[in-house]
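Asks:
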Amino acid sequence: MRDAEEGSESPPSQMSGDGPGGSGGESESDRWMPDLRGGNGGGGGGGRWAPPDQVLENVLESVLEFLTAARDRNAASLVCRSWYRAEAQTRRELFIGNCYAVSPRRAVERFGGVRDVVLKGKPRFADFSLVPYGWGAYVSPWVAALGPAYPRLERICLKRMTVSNDDLALIAKSFPLFKELSLVCCEGFSTHGLAAIAEWCRYLRVLDLIEDYIDEEDELVDWISKFPESNTSLESLVFDCVSVPFNFEALEALVARSPALRRLRVNHHVPVEQLRSLMAKAPQLTHLGTGAFRSEPGPGGVLSVSELATSFAASRLLCLSGFRDVNPEYLPAIHPVCVNLTSLNFSFASLTAEELIPVIRNCARLRTFWVLDTVGDEGLRAVAETCSDLRELRVFPLNATEDSEGSVSDVGLQAISEGCHKLELILYFCQRMTNAAVIAMSKNCPDLVTFRLCIMGRHRPDRITGEPMDDGFGAIVMNCKKLTRLSVSGLLTDKAFAYIGKYGKLIKTLSVAFAGNTDMSLQFVFEGCTRLQKLEVRDSPFSDKGLLSGLSYFYNMRFLWMNSCKLTMRGCRDVAQQMPDLVVEVMKDHPDDEGEMETVDKLYLYRSLAGPRNDAPPFVNIL
Amino acid sequence: MEAAADVENLKATELRLGLPGTEEEEVAPPPSTPRAGSKRALAAGEEAKKPVAAAPPAAKAQVVGWPPVRSYRKSCFQASTKSKAAAAPPPQQEEAAAGGLFVKVSMDGAPYLRKIDLKMYKGYRELREALEAMFLCFSGGAVDGAAAFNPSDFAVTYEDKDGDLMLVGDVPFEMFISTCKRLRIMKGSEARGLGGATGVN
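Pasting the structure below:
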């Protein structure tokens, strides 16, 4: 997902309070009292003011076309009414970080010429089964509004939204110029919906399906056959998460008539024999998702490693992924492209260090590397020794349980920090960690923007000293001056949060689990992290007092999520009463169970111009 | 002060198992004990208030969504291990499960696993009977040989698409078949109470 700046839907001044950016440069005219909640003045507003010089407005619009960043556009829209209107007509990308923060109607009323919509739905903890099924984030009302309002819409990007087949069909039919559809972590649709997109979006360039949950209850539809029969404009086709079988001949034919295709990621039903055929038909590919990467002999027999290597040698690949069921004997086939690779995703391949090392030793230009912890500290050391240009590293656990063996540790982290000084993003799952290794990383990798460390055992201290992990995370916030995203774990006291509040001035996203001693932790964060947008907390001993310490900051944030802490209904009601522009949702795990003090299992609060939503399921209580 | 003395006396006269002079440790409740309202010890044969897939009291409880790995990723590994075990269907096939829906069945304590075809059974009762027949030889024979397959000593659970351990019988049978990836028959103390109280129909 592109990381566009947040805040396109925050109305000016009133809600931001004294946040950075302040009230913007208001017009000097005191007669003019902005009532920007009513939508565009150009529409049905009624002529309360003298209309601005039309020529000036046209010039302004031409100039504003050059502003692309949402942040800049938000600032421009605050200058005066004329700028507000001009900006609203020229904004091409509409980014809505929380689909419930604003109503579709209001969004389309304000912005007239949108070509590109990004919508995000459920809170991130939904990925970990913490948001019950049926919570919401339906894209239907959005599609219904966008259709008539933006007939020239070209691109839709949805993340964690509930998307039905009907929604996809409506998208396909509403936008004749539609070019790009990107669905990330969405659910609710099946191959029926994909068929509608393929069939009706004649100018489709991008169809990216990333970690969606495809409904397999429906009968399967051969959606690949539904693409136009003539040459297509396809540039990217990513469907590795569509785990049902598909029509391979149709895919071969599609690839052959898609001369612009650069990215192709297939699902695990594709063995190397078929992969080779696809590669032959699309020599211009730069991104390839390799499917199963094992043999399934067809009429031509078993493919040899050298034959496969020839295919790779003839390619121009820069990014490889897939390897869903990899037979390690085939790995040497990718050696010819390793030297050019900038991105390699082995995170679904259970490889040992011995299997990884011969490959990684060739990947000197690697910038992005995803891998499973099966390669161990030894594998990571090899990465560190070769990939000095590495910017992003993600190490996932094969066995995602608390008491699994765990093959990577502080040793691997330390090695990476010593070899990969340009690291910007790290996600690291492990069972054992030390403060020393984390501190080393904070010093060796000053460019870190995202630091997400998951010590899988809850409340686990430094494995050597037995101390809490406070100093390690403290060093990260202190030394990594560009840090905007942080996930903490291990045994942590309030001290860690004191550090975070004191030094984490740029942090926008903070994830906390099983950490902290008292409400002071929350207070440190609210008071210190002035740029905080998203705070997600679970299973930490924070009570209403901690929650209320954030009152004056909630309007500056996109959302706060807390589950399994020590919140009560009273505290949550307090917040709801004092903050009218917040929507406060509470959920209980066992609806029949009252408990003593009406404890709250899950709290999700977010600023919103739309007020309480009307599609909430019974288990959601909006205060 | 007096209250403390009273407590001391009370403790002295308390009837407990164990020799006089031995102090029984307080057993700390596990992290995810069901909370006050729904806490009821599931004794053998006692009907649960509602069908609860509660964590067994003594074992290390699994916490929902921790470690934070997306279900998508977890389910991919299940799919890949399954295709290694069974023959992978030819990719061109449109039908998802042409030859039946075979899942592994394990039983705690049994030396090897079995495989059954879920499509062979019309409902939970038939499935249960088949499992009983299959694993009869492993059920409690050690104690006195005449032990029958006592339902309340066993609980049939399954692993669903997301990798979660679920109790068999909660959802309609068709839905169960489509999400069940493998079966596990739990026995002994872990299962006591759950087996007899399921809504198996």
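One line per chain: the protein sequences are A and B, in this order.
In case it helps, my numbering puts the first sequence at residues 822 to 1444.
In case it helps, my numbering puts the second sequence at residues 235 to 435.
Every residue, glycine too, gets a C-beta built ideally from N, C-alpha and C.
Starting from Tyr1376(A) and walking both ways along the alpha helix (DSSP H), at which residues does that stretch end?
Replies: Here residue 1376(A) is taken as the residue at index 555 of the first sequence, counted from 1. No alpha helix (DSSP H) holds Tyr1376(A); DSSP gives it neither H nor E.
Asks: Does the contact criterion of 3 or more C-beta pairs under 8 angstroms hold for the stretch 945–954 of chain A versus the stretch 983–1003 of chain A?
Replies: No contact exists between the stretch 945–954 of chain A and the stretch 983–1003 of chain A.
Asks: Quick check: what's the CA-CA separation for Ala1397(A) versus Gly1287(A)?
Replies: Here residue 1397(A) is taken as the residue at index 576 of the first sequence, counted from 1. Here residue 1287(A) is taken as the residue at index 466 of the first sequence, counted from 1. Answer to the nearest angstrom: the Cα atoms are 41 angstroms apart.
Asks: If you count every other CB in all the chains shown that lies within 10 Å of the CB of His1090(A), and 16 or more means buried, which is it?
Replies: Translated into positions along the first sequence, residue 1090(A) becomes position 269. Result: buried.
Asks: Which residues in chain B have a C-beta closer than 9 angstroms to the C-beta of Met1277(A)? List them in chain order.
Replies: As a position in the first sequence, residue 1277(A) is number 456, starting the count at 1. Residues of chain B passing the Cβ test: Trp300 and Pro301.
Asks: Out of curiosity, what's the CA-to-CA distance linking Leu974(A) and Ala1205(A)?
Replies: To locate residue 974(A), count along the first sequence from 1; it is residue 153. To locate residue 1205(A), count along the first sequence from 1; it is residue 384. Cα to Cα, the separation comes out at about 44 angstroms.
Asks: Go ahead and pull the three-state DSSP assignment for Ser1164(A).
Replies: The sequence position of residue 1164(A) within the first sequence is 343, counting from 1. Reduced to three states, the DSSP call for Ser1164(A) is strand.
Asks: Please compile the residues from chain B whose C-beta is within a distance smaller than 7 angstroms of the C-beta of Leu951(A).
Replies: In the first sequence, the residue the question calls residue 951(A) occupies position 130. Here the neighbours are Val298 and Gly299.
Asks: Using a C-beta to C-beta distance shorter than 7 angstroms, which residues of chain B count as neighbours of Cys1062(A)?
Replies: Here residue 1062(A) refers to the residue found at position 241 of the first sequence. Tyr306, listed in chain order.
Asks: Run the CB neighbour count on Pro1104(A), radius 10 Å, all protein chains shown included, and call it buried at 16 or more, exposed below.
Replies: One-based indexing of the first sequence puts residue 1104(A) at position 283. Burial call: exposed.
Asks: So the beta strand (DSSP E) Thr1314(A) belongs to, where does it begin and stop?
Replies: The sequence position of residue 1314(A) within the first sequence is 493, counting from 1. Counting along the chain, Thr1314(A) falls outside any beta strand (DSSP E), and DSSP gives it neither H nor E.
Asks: Count the other CB atoms within 10 Å of the CB of Ser883(A); is the residue buried (16 or more) or exposed (fewer)?
Replies: Taking the first residue of the first sequence as 1, we reach residue 883(A) at position 62. Ser883(A) is exposed by the Cβ-count criterion.
Asks: With a threshold of 7 angstroms between beta carbons, is Glu1032(A) in contact with chain B?
Replies: One-based indexing of the first sequence puts residue 1032(A) at position 211. For Glu1032(A), the answer is yes, since a Cβ of chain B falls inside 7 angstroms of its Cβ.
Asks: Measuring alpha carbon to alpha carbon, tell me which residue in Ala1296(A), Ser1064(A) and Ser1342(A) is nearest Lys1316(A).
Replies: Counted from its first residue, the first sequence places residue 1316(A) at position 495. Of Ala1296(A), Ser1064(A) and Ser1342(A), the residue nearest in Cα terms is Ser1342(A).
Asks: Looking at Pro1066(A) and the ligand GTP, is the gap between the Cβ and the nearest heavy atom below 6 angstroms?
Replies: No copy of the ligand GTP occurs in the structure displayed, which carries no ligand at all.
Asks: Thinking just about the alpha-carbon of each residue, which of Leu1430(A), Ala1261(A) and Asp1231(A) is nearest to the one in Phe1250(A)?
Replies: For this step, residue 1250(A) is matched to residue 429 along the first sequence. With distances taken between Cα atoms, Phe1250(A) lies closest to Asp1231(A).
Asks: On the DSSP letters alone, give me the boundaries of the alpha helix (DSSP H) that Lys994(A) sits inside.
Replies: Residue 994(A) sits at position 173 when you count from the first residue of the first sequence. Here the alpha helix (DSSP H) through Lys994(A) covers Asn986 to Ser995.
Asks: Could you please tell me which residues of the stretch 922–956 of chain A, in chain order, have their CB closer than 8 angstroms to any CB of chain B?
Replies: Within the stretch 922–956 of chain A, the residues whose Cβ lies closer than 8 angstroms to some Cβ of chain B are Phe946, Asp948, Phe949, Ser950 and Leu951, listed in chain order.
Asks: Less than 7 angstroms between the C-beta atoms of Ala970(A) and Val929(A), yes or no?
Replies: By 1-based counting over the first sequence, the position of residue 970(A) is 149. By 1-based counting over the first sequence, the position of residue 929(A) is 108. It is a contact, given that the beta carbons lie within the stated cut-off.
Asks: Quick one: does Phe1345(A) have its CB under 7 angstroms from some CB of chain B?
Replies: Within the first sequence, numbered from 1, the residue matching residue 1345(A) stands at position 524. Chain B contact via Cβ: absent.
Asks: Show which residues of chain A have a CB atom less than 7 angstroms away from the CB atom of Asp396(B).
Replies: Against the second sequence, residue 396(B) aligns to sequence position 162. Per Cβ cutoff of 7 angstroms: Ser950.
Asks: Closest to Gly968(A) by CA distance: which of Arg936(A), Arg945(A), Asp948(A) and Leu1055(A) is it?
Replies: The residue given as residue 968(A) occupies position 147 in the first sequence. Selected option, being the one with the closest Cα: Arg936(A).
Asks: If contact means a Cβ-Cβ distance below 8 angstroms, which residues of the stretch 1222–1250 of chain A contact chain B?
Replies: So the close ones are Thr1222, Glu1223, Asp1224 and Phe1250.
Asks: Taking contact to mean at least 3 C-beta pairs separated by less than 8 angstroms, is the stretch 1295–1308 of chain A in contact with the stretch 1231–1242 of chain A?
Replies: With the cut-off at 8 angstroms, the stretch 1295–1308 of chain A and the stretch 1231–1242 of chain A do not touch.
Asks: Label Leu940(A) either buried or exposed according to how many other C-beta atoms from any shown protein chain fall within 10 Å of its C-beta, with 16 as the threshold for buried.
Replies: Position 119 of the first sequence, counted from the first residue, corresponds to residue 940(A). With 16 or more other Cβ atoms within 10 Å, it is buried.
Asks: What are the boundary residues of the beta strand (DSSP E) that His1108(A) is part of?
Replies: Residue numbering aside, residue 1108(A) sits at position 287 when the first sequence is read from its first letter. Here the beta strand (DSSP E) through His1108(A) covers His1108 to Thr1111.
Asks: Quick test of your reading: Val1407(A) and Cys1393(A), contact by CB under 8 angstroms. State the CB separation rounded to the nearest angstrom.
Replies: Within the first sequence, residue 1407(A) is the residue found at index 586, counting from 1. Within the first sequence, residue 1393(A) is the residue found at index 572, counting from 1. Indeed they touch by this definition, with Cβ atoms about 5 angstroms apart.
Asks: Measuring only the C-alpha atoms, how far is Asp856(A) from Arg902(A)?
Replies: In the first sequence, counting from the first residue as 1, residue 856(A) sits at position 35. In the first sequence, counting from the first residue as 1, residue 902(A) sits at position 81. Annotation note: pLDDT 47 at Asp856(A) (below 50); position unreliable, no value reported.
Asks: Is it true that the stretch 1131–1144 of chain A meets the stretch 1160–1171 of chain A, where meeting means three or more beta-carbon pairs spaced less than 8 angstroms apart?
Replies: With a cut-off of 8 angstroms, the stretch 1160–1171 of chain A and the stretch 1131–1144 of chain A count as touching, because enough Cβ pairs lie within range.
Asks: Mark Gly816(A) as exposed unless 16 or more other C-beta atoms lie within 10 angstroms of its C-beta, in which case mark it buried.
Replies: This structure leaves residue 816(A) out entirely; chain A is present only between 822 and 1444.
Asks: With a 10 Å radius around its C-beta and 16 neighbouring C-beta atoms as the bar for buried, classify Gly1122(A) as buried or exposed.
Replies: Here residue 1122(A) corresponds to residue number 301 of the first sequence, with the count starting at 1. Exposed.
Asks: Could you check whether the Cβ of Cys414(B) sits closer than 7 angstroms to any Cβ belonging to chain C?
Replies: As a matter of chain content, chain C is missing from the structure shown, whose protein chains are A and B.
Asks: Between Ala907(A) and the rest of its own chain, which residues show a CB-CB distance below 7 angstroms, the 5 nearest in sequence each way excluded?
Replies: Residue numbering aside, residue 907(A) sits at position 86 when the first sequence is read from its first letter. The answer, listed in chain order, is Glu878, Leu881, Glu882 and Leu885.
Asks: Assuming contact is defined by CB atoms lying nearer than 7 angstroms, are Met341(B) and Ala389(B) in contact in what I supplied?
Replies: Residue 341(B) sits at position 107 when you count from the first residue of the second sequence. Residue 389(B) sits at position 155 when you count from the first residue of the second sequence. Going by C-beta atoms, Met341(B) is not nearer than 7 angstroms to Ala389(B).
Asks: In the DSSP output, what is Asp1029(A) paired with across the bridge?
Replies: Here the question's residue 1029(A) lines up with position 208 in the first sequence. Answer is Ser1003(A) and Val1059(A).
Asks: By DSSP's criteria, Trp1191(A) is part of a beta bridge. Which residues make up the other side?
Replies: Counted from its first residue, the first sequence places residue 1191(A) at position 370. DSSP output for Trp1191(A) lists Asn1166(A) and Arg1215(A) as bridge partner(s).
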